[in-house]
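Offset between the sequence shown (1-based) and the working numbering: plus 221.
Glycine included, every Cβ here is placed at the ideal spot set by N, Cα and C.
Treat the numbers as computed from the prediction; the structure is a model and nothing was measured.
Report on one structure; see the data block that follows.
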Amino acid sequence: MWISHITVTELLCNRFLGVKDIPSLSLLGFGSIFPDWMEYIGRFRILSHRGISHNISFWLVTYLVANLLLKAYYPYLKWFLIGVFMHLAEDAMTKRGIPIFFGYSKRFALKLFITGGKGETIFVLIVIMLCLVA
Ligand SMILES: [Zn+2]
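Here it is as structure tokens:
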């Protein structure tokens, strides 16, 4: 769920990476939901759920290209891409998991919980408590 992605990403990056300014937190939040968001144009699905939009290889290539070609914008893109990778890490914890390589059907899944289930809520609560006490 998008609220889980935003909450977990913002709290962990604020607490452990020291991200405190509004532009960086906004980019983190946008990046944390972007892989799901890019699957649609308006109300129409254009990409399969957790296909290329959640492929680690695709985002690593995007990271490298952004780092090489858009160096001037990298301080801004960095937080967006960290948000994206946080999204992928959180989705990798679910039963369905995420694809790893192009053209390779095996998915990486820790199978800790189901998206939108009680396990996800418990995970978010644990992250909140961790950020409060750490
Ligand atoms: Zn997702």
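| Item | Value |
| --- | --- |
| Would DSSP call F301 helix, strand or coil? | helix |
| Report yes or no: do three or more beta-carbon pairs, one from the segment 274 to 288 and one from the segment 302 to 320, lie closer than 8 Å? | yes |
| Verify whether the separation of the beta carbon atoms of F322 and N276 is less than 9 Å. | yes |
| Between the segment 295 to 302 and the segment 238 to 250, are three or more C-beta pairs nearer than 8 Å? | yes |
| Starting from Y294 and walking both ways along the alpha helix (DSSP H), at which residues does that stretch end? | Taken as a continuous stretch (DSSP letters only), Y294 belongs to no alpha helix (DSSP H), as it is neither H nor E. |
| Which partner residues does Y261 have in the DSSP bridge list? | R266 |
| Under 6 Å Cβ to Cβ from L230, same chain only, skipping five residues before and after it: list those, please. | The sequence shown places Thr at residue 230, not Leu. Only L249, S253, G304 and M307 meet the Cβ criterion. |
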